[in-house]
Every structure is written in structure tokens, then in C-alpha cells.
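Colleague: Have a look at the structure that comes next, please.
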Amino acid sequence: MPSRRPLVAGNWKMHGLKASVAQFEGILRGCTRVRGDVDLMVCPPATLIAAFAAAAEGSRVAIGGQDCHAEPSGAHTGDISAEMLADAGARAVIVGHSERRTYHRETDADVRGKALAARRAGLVAIVCIGETQAERAAGQTLAVVERQLAGSVPDRAQPDHLVIAYEPVWAIGTGLTPTATDIEEVHGMIRERLATRFGRPSEDMRVLYGGSVKSDNARELLAVGGVDGALVGGASLKAEEFLAIATAYA
Ligand code: PGA
Numbered sequence: 516m517p518s519r520r521p522l523v524a525g526n527w528k529m530h531g532l533k534a535s536v537a538q539f540e541g542i543l544r545g546c547t548r549v550r551g552d553v554d555l556m557v558c559p560p561a562t563l564i565a566a567f568a569a570a571a572e573g574s575r576v577a578i579g580g581q582d583c584h585a586e587p588s589g590a591h592t593g594d595i596s597a598e599m600l601a602d603a604g605a606r607a608v609i610v611g612h613s614e615r616r617t618y619h620r621e622t623d624a625d626v627r628g629k630a631l632a633a634r635r636a637g638l639v640a641i642v643c644i645g646e647t648q649a650e651r652a653a654g655q656t657l658a659v660v661e662r663q664l665a666g667s668v669p670d671r672a673q674p675d676h677l678v679i680a681y682e683p684v685w686a687i688g689t690g691l692t693p694t695a696t697d698i699e700e701v702h703g704m705i706r707e708r709l710a711t712r713f714g715r716p717s718e719d720m721r722v723l724y725g726g727s728v729k730s731d732n733a734r735e736l737l738a739v740g741g742v743d744g745a746l747v748g749g750a751s752l753k754a755e756e757f758l759a760i761a762t763a764y765a
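In this text, residue positions in the sequence shown follow the numbering used here: the first is 516, and each later residue adds one.
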């Protein structure tokens with residue numbers, strides 16, 4: 516039997532100052548309301564990782580980064596390595612988010628390098644993939660997602676170091692979401708490809724859905740076949756909203 520604990524992860528993007536620790540503490544206080552077998556994670560900006568990790572110590576909420584460099588150290592001004600994230604208290608890192616792919620021109624090969632770096636540093640890589648509106652309109656969704664999956668996920672991936680997040684680019688921050696049937700189709704394809712490539716261990720790899728997950732659609736989205744949790748952007752910034760999403764697992 517596959518053992519895939521649901522994961523609800525918040526991506527705070529470039530939001531949050533020291534004062535936001537109070538908001539995060541609201542999540543820590545309220546997380547007892549979330550079903551015991553649901554894993555919780557918050558990925559704040561890098562400047563807040565250490566503070567959030569300190570606040571979360573001993574709790575069930577893990578802390579993640581939002582990006583990392585492929586190298587452990589070096590002359591890369593402004594970049595942060597996976598080892599540095601781990602050192603600051605992160606247990607995971609998002610790689611290949613569509614905002615990184617678009618605004619920083621990250622390729623599948625770049626994302627694979629970052630996922631490898633995450634593994635090297637002992638972090639879980641949350642690898643993001645997803646089609647644009649134009650690609651969906653052109654009927655290329657499955658082909659695009661399949662190509663990103665093949666190119667972004669390193670060989671010999673293991674479930675304890677890899678999470679996939681299917682995030683249609685057009686659903687991110689827009690309030691739009693795919694139909695349950697569309698999500699199920701993409702997740703089904705992803706799971707099939709993971710099985711072909713990694714065999715039995717792939718059954719324990721989690722595939723999240725992301726893109727405009729909110730408290731009022733969480734129950735429906737999280738119930739879709741093959742969805743093992745959510746990557747939540749905007750709605751993760753408010754403790755009550757994030758907890759309402761996580762408690763959709765009743
Ligand atoms: P959103 O973002 O929930 O604000 O749509 C999701 C994401 O970018 O991971």
C-alpha cells in the first residue's frame with residue numbers, strides 16, 4: 516500500500532517582514548485543529564527562515580525555502596545554497612516555481628540541478644511544473660507537463676526527497692482553477708510517468724495541486740483523485756485562511 520500523507524504547504528513568495536512571525540505563530544497555535552496525519556509546511560522568504568524555524572521548533576510545521584542555487588557555495592552574489600537553507604532550519608525547498616521559470620528564465624535542466632542540490636543538502640525538493648494558458652488552449656497541457664516532469668526531476672529520486680507540485684501557470688494568483696477532471700487527468704499522467712521511471716517507490720511520492728487554492732475550494736480540490744495536498748500561495752499568508760485549507764481534510 517502506498518503511504519502518502521497529505522501535505523499542505525504555504526508559499527509566502529516575496530511577502531513578510533519580522534512582524535510576520537506573529538502571523539506564523541497563529542498557524543502554529545491553530546495547527547492542532549488539523550487532522551493528525553496531514554503534514555504542514557510554510558515557505559517564507561529566506562530572510563525569515565531562521566526566525567520561523569525557531570518559532571516552529573518542536574511543532575508539526577516544517578519550514579521550507581522558495582528557491583536555491585545548484586552549488587553548495589561559491590561566487591554567486593545574491594544566491595542562496597540548499598546547504599544554507601538547511602543550516603537556517605529549512606527541511607524543504609520549492610524549485611522550478613513558474614515565477615522562477617518565467618522571471619529568471621530557469622530551464623528544466625536548471626530546476627533538476629536545484630532538485631539535486633536539495634537532495635545533497637538533505638532537503639525535500641518540491642518540484643513545480645505546469646502549463647501556461649496558451650499551452651492549455653493549444654491542447655499541449657499533457658505534453659508540456661510531461662516534458663517538464665522528465666527534465667526537472669533527477670534520476671534515482673526517492674519519495675522522502677521529492678514532492679511534485681502541479682501548478683497550472685494560469686491558475687496562479689488568478690482565482691481560476693482547472694476542473695476536477697482536468698486536474699485528475701494531469702495528476703494521473705504524472706503518476707504514470709513516475710511509476711515508469713521510478714517503479715514501486717514512486718507510489719509514495721506526493722503530487723500536490725497548486726493555483727488559487729482557497730478555503731472555499733480546498734475541500735473540492737483536495738478530494739480530486741490523485742491529489743496528495745496543496746501548494747498554497749496568497750491564501751497561506753493569513754493564519755486562519757491557511758488553517759481553513761488544511762482542515763479541509765476532515
Ligand atoms: P496562489 O499561488 O495560491 O496564490 O495561486 C500558488 C503558488 O504560486 O504556489
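Heads up, the beta-carbon is just placed ideally off N, CA and C, and yes, glycines get one too.
Under the rule that 16 or more other beta-carbon atoms within 10 Å means buried, what is residue 577, buried or exposed?
Modeller: buried
Colleague: The ligand PGA and residue 677: does the residue's C-beta get closer than 6 Å to at least one heavy atom of that ligand?
Modeller: no
Colleague: Mind checking which residues open and close the alpha helix (DSSP H) that includes residue 709?
Modeller: 695-713
Colleague: Nearest to residue 743 by CA position, among 699, 708, 715 and 609, is which residue?
Modeller: 699
Colleague: Comparing alpha-carbon positions, which option in 707, 615 and 566 lies nearest residue 536?
Modeller: 566
Colleague: Since residue 534 sits in a beta bridge, which residues does DSSP pair it with?
Modeller: According to DSSP, residue 534 bridges with nothing at all.
Colleague: Look up residue 558 in the DSSP assignment and say whether it is helix, strand or coil.
Modeller: strand
Colleague: Can you check whether the CB of residue 731 is closer than 7 Å to the CB of residue 666?
Modeller: no
Colleague: Let me know the secondary structure DSSP gives residue 578 once reduced to three states.
Modeller: Look at residue 578 here: in three-state DSSP terms it is strand.
Colleague: Taking residue 561 as the reference, which of 581, 650 and 575 has the closest Cα?
Modeller: 581
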